[in-house]
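Under the numbering used here, think of the first position of the sequence shown as 12, with each following residue one higher. Every residue, glycine too, gets a C-beta built ideally from N, C-alpha and C. Notes follow the structure.
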Amino acid sequence: MGGYWGRRSGATHIHDRLMAKALVCELGEERVVILTVDLVALGADAVRAIRMAVKRDTGIAGAAIMICASHTHAGPLTIPYRGMGEIDKSYLDRVEAALVELVLTATAKMRPGRLGYARCDVQIGFNRRARRREAAGPVISHAHVLRFESDEGLGATLFQHACHPVVLGGDNHQISGDFV
12 MGGYWGRRSG ATHIHDRLMA KALVCELGEE RVVILTVDLV ALGADAVRAI
62 RMAVKRDTGI AGAAIMICAS HTHAGPLTIP YRGMGEIDKS YLDRVEAALV
112 ELVLTATAKM RPGRLGYARC DVQIGFNRRA RRREAAGPVI SHAHVLRFES
162 DEGLGATLFQ HACHPVVLGG DNHQISGDFV
C-alpha cells in the first residue's frame, strides 16, 4: 500500500472499492476529458501513456485530458516513494488500460446538454498543523463545482476542494478511497 512510511504489510482487505470516473465534454470540434481516480497519485509516465492511448483511440489531444488523483493514502502504491516498497507494474498497467477504456465509454455515452460552474464557500478540513505549536497555516475555504446536465435530465457533478484524505491513518491496512 502507498501513503504512509512504516507499513510493514500490504492491504488486508477492501473497506470500500476504489473508483474512477470520466467526464468528456465537447464544444464544436473541441473535446476535453476530466478523469478522476482513487489513487495517491499517478506518475508522469502513466499520465503520458494514458493521454497517448486516449489520443490514439479518440483523437482527443493529450493537453485536453486532465487526470486527477483523489490522493487517498489507503490505496496501492502507484508512484515511487522511498521506503514504501515496490510498485506493482501489472496493477498500474491495468489501471492505465481501465482509465483509457473509461474515456472510450464516456465518449460513446456523450449527450447534448449544459455545463455550469460555481465556486462556493466550504469548510471541510483544517490545517493539520493545528495539532502542533505552529497552528497557523493555510486552509482552502472554497470549492469549485462543475455540473453537467443532459437534455434528458441525466447529470454529473464534479466537486474540487483541496484536502488531504488521511482520515484512516497510517495503521490502516484496508483499501479505501478514504473520505473522498
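Determine the closest residue to residue 42 out of 54, 73, 20, with distance taken between C-alpha atoms. Of 54, 73, 20, the smallest CA-CA separation from residue 42 is found for 73.
Along the chain, where does the beta strand (DSSP E) containing residue 128 start, and where does it finish? Segment 124 to 132, the beta strand (DSSP E) holding residue 128.
Could you give the distance in angstroms between the alpha-carbon of residue 15 and the alpha-carbon of residue 26? Cα to Cα, residue 15 sits roughly 17 Å from residue 26.
Throw me the rounded Cβ distance for the residue 131 and residue 150 pair, which I believe falls under 8 Å. The C-beta distance from residue 131 to residue 150 rounds to 15 Å, too long to meet the 8 Å contact threshold.
With a threshold of 7 Å on Cβ separation, who are the neighbours of residue 178 within its own chain once the five nearest residues in sequence on each side are excluded? Correct list, in chain order: 189, 190.
Can residue 90 and residue 39 be called in contact, C-beta distance under 9 Å? For residue 90 and residue 39, no; Cβs fall outside 9 Å.
Ordered list of alpha helix (DSSP H) runs contained in the region 29 to 103, each at least 4 residues: Along the region 29 to 103, the alpha helix (DSSP H) occurs as fully enclosed runs of 4 or more residues at 55 to 69, listed in sequence order.
Can you tell me whether residue 123 is buried or exposed, with buried defined as 16 or more other CB within 10 angstroms of its CB? Exposed, since its Cβ has fewer than 16 Cβ neighbours within 10 Å.
Hey, is the region 65 to 79 in contact with the region 90 to 108, meaning 3+ C-beta pairs nearer than 8 Å? No, they do not touch.
So with Cβ pairs under 9 Å, would you call residue 15 a contact of chain C? The structure shown contains no chain C, having only a single protein chain.
Rounded C-alpha distance that separates residue 81 from residue 153: Residue 81 and residue 153: Cα-Cα distance of roughly 17 Å.
Does the Cβ of residue 109 have 16 or more other Cβ atoms within 10 Å, making it buried, or fewer, making it exposed? By the Cβ-count criterion, residue 109 is exposed, with fewer than 16 other Cβ atoms from all chains shown falling within 10 Å of its own Cβ.
Would you grab the beta carbon distance between residue 31 and residue 113 for me? Rounded to a whole angstrom, and I think it's under 8 Å. At roughly 6 Å, the Cβ-Cβ gap stays under 8 Å, so residue 31 and residue 113 are in contact.
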